[in-house]
Structure formats: C-alpha cells, structure tokens
Amino acid sequence: MSSSSPEEEDCVVAIKFMGPQLSLCRPAQSNSEWTNIRIRNPCFFSSPVMFSQREGMFGIPGAGGHLIGSWDLG
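Letter by letter, the sequence shown follows residues 1 to 74 of full-length UniProt numbering.
See below:
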C-alpha cells in the first residue's frame with residue numbers, strides 16, 4: 001500500500017505482515033530505509049493496512065471493527 005506515486009518525494013510505502021510487524025519506507029528519498037513498527041495489540045495482527053486519502057493517514061482496522069490504529073506520517 002502506498003500513499004502516492006513512488007516517484008513523488010512524499011510517497012510512503014507500508015507493508016503489514018501477518019503478526020505484529022508494520023514496515024514503512026519513503027522510496028523516493030536518497031536515504032530510503034525501512035522503519036519497522038512492532039504492534040502490541042493482538043487484535044491488529046491479522047488486519048490489512050489501508051491508506052485514507054482524505055485523512056492522509058495509514059490505518060489498520062482491529063478485529064471486529066471496533067478499533068482503528070492509525071499513523072500520521074506528515
């Protein structure tokens with residue numbers, strides 16, 4: 001999942017693995033490295049990552065849809 005075209009400077013790529021890991025990267029920047037985030041709440045372990053164009057944020061819905069974890073990368 002990405003926030004915009006990979007050629008754009010502000011593009012962020014997010015990968016959600018099964019389990020507690022979410023990884024983020026800004027591929028257009030010269031020092032593009034992956035940042036790994038360890039998610040502590042198990043209700044997010046099997047959820048997909050989404051990007052809200054309107055909010056400009058990545059989010060992960062919790063199991064059952066009662067919680068949403070979000071990251072503002074601005």
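Note that the Cβ used here is the ideal one computed from N, Cα and C, for glycine as well.
It should be emphasised that the depicted structure is a prediction, and the values quoted were computed from it without experimental measurement.
- For the pair residue 21 and residue 36, the CB atoms are nearer than the 8 Å cut-off.
- Taking C-beta atoms under 8 Å as the contact rule, residue 47 and residue 60 qualify, at a distance of about 5 Å.
- Residue environment analysis places residue 63 among the exposed positions, since fewer than 16 neighbouring C-beta atoms fall within 10 angstroms of its C-beta.
- A Cβ-Cβ contact shorter than 8 Å links residue 69 with residue 44.
- For residue 21, the enclosing beta strand (DSSP E) covers residues 21–25.
- Secondary structure of residue 69 (DSSP, three-state): strand.
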